[in-house]
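Step one of this worksheet: look at the structure below.
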Amino acid sequence: MKDTKIVGAAMEMHAKAELIDLIRTRYYVARKKDKSRILDELVAITGHQRKYALRLLAHREASSTIRTPRQLTDVL
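Just remember that the numbering used here sits 2 ahead of the position in the sequence shown, which is counted from 1.
See below:
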């Protein structure tokens, strides 16, 4: 039972990351009035707080990209 909750949470996180990547493209090309609506939409769908959702949309890098420790040491 415990393992299925972990897998479900991981899938949910991956789905949210994909959704944020899709919404981010709309957010960048939108006017200020539309950006507010897009932000409201993201908050309603994901349940994130407004400020956190804004920070997610403001990042230009894809949120689904995860660096492994090896990738970090190669950069340094």
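Backbone N, C-alpha and C fix where the C-beta goes; we use that ideal spot for every residue, glycine too.
For residue j and residue i, the rounded distance between their alpha carbons
i	j	result
Lys37	Arg52	12 Å
Tyr54	Thr27	17 Å
Tyr29	Ala46	16 Å
Coil, strand or helix - residue i by DSSP
i	result
Arg52	helix
His16	helix
Ala64	With a pLDDT of 49 at Ala64, under the threshold of 50, the modelled position of that residue is not reliable, and the figure given next carries that caveat. In this structure, Ala64 counts as coil in the three-state DSSP scheme.
Arg26	helix
Ala32	coil
Chain-order list of residues whose beta-carbon lies under 8 Å from that of residue i (same chain, five-residue window excluded)
i	result
Lys18	Thr48
His50	Leu44, Leu58
Ile25	Ile40, Glu43, Leu44, Leu59
Neighbourhood of residue i by C-beta distance below 7 Å, restricted to the same chain and skipping five residues each side
i	result
Ala32	Ile40
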